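Asker:
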Amino acid sequence: MTKEQYVKATETTIINNLEKDCENNPMMGTIMEGTAVLLSLNSSAESCKELLLTQKDYVAYPNSEEEIDEIIKAAYKNVYDKVLL
Numbered sequence: 000m001t002k003e004q005y006v007k008a009t010e011t012t013i014i015n016n017l018e019k020d021c022e023n024n025p026m027m028g029t030i031m032e033g034t035a036v037l038l039s040l041n042s043s044a045e046s047c048k049e050l051l052l053t054q055k056d057y058v059a060y061p062n063s064e065e066e067i068d069e070i071i072k073a074a075y076k077n078v079y080d081k082v083l084l
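Taking numbering that gives the first Met the number 0, the leading residue of the sequence shown gets 0, the next gets one more, and so forth.
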């Protein structure tokens, strides 16, 4: 897979997790909604990073923590811009 494909897959995962996390969250619709969204985004991004780190020895790309960080940052920024801006 290319970097763009990894970024898109990570974005999709983060968005799906966000939908699940916010579905029945009592903070939604309150002034704490932004906090709930950020907590979900951060948690999902961390989970995706851990998954990529576990597979880095078995794939040609990404094969370093720096490349994985670039993927996570790009996906996080894209989702953040869609959801919170």
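Idealized CB from N, CA, C, for every residue including glycine.
Small disclaimer: the values here were computed from a predicted structure and weren't measured.
Nearest to Val6 by alpha carbon, out of Val78, Leu83, Thr29 and Leu84?
Answerer: Ranking the options by Cα distance to Val6, first place goes to Val78.
Asker: Does DSSP classify Asp56 as helix, strand or coil?
Answerer: Asp56: coil per DSSP, three-state reduction.
Asker: With DSSP as the reference, label Gly28 as helix, strand or coil.
Answerer: Gly28: coil per DSSP, three-state reduction.
Asker: On the criterion of 16 or more Cβ atoms from any shown chain inside 10 Å, does Val36 qualify as buried, or is it exposed?
Answerer: It is buried - the Cβ of Val36 has at least 16 other Cβ atoms within 10 Å.
Asker: Can you tell me whether Tyr57 is buried or exposed, with buried defined as 16 or more other CB within 10 angstroms of its CB?
Answerer: With fewer than 16 Cβ atoms within 10 Å of its Cβ, Tyr57 is classed as exposed.
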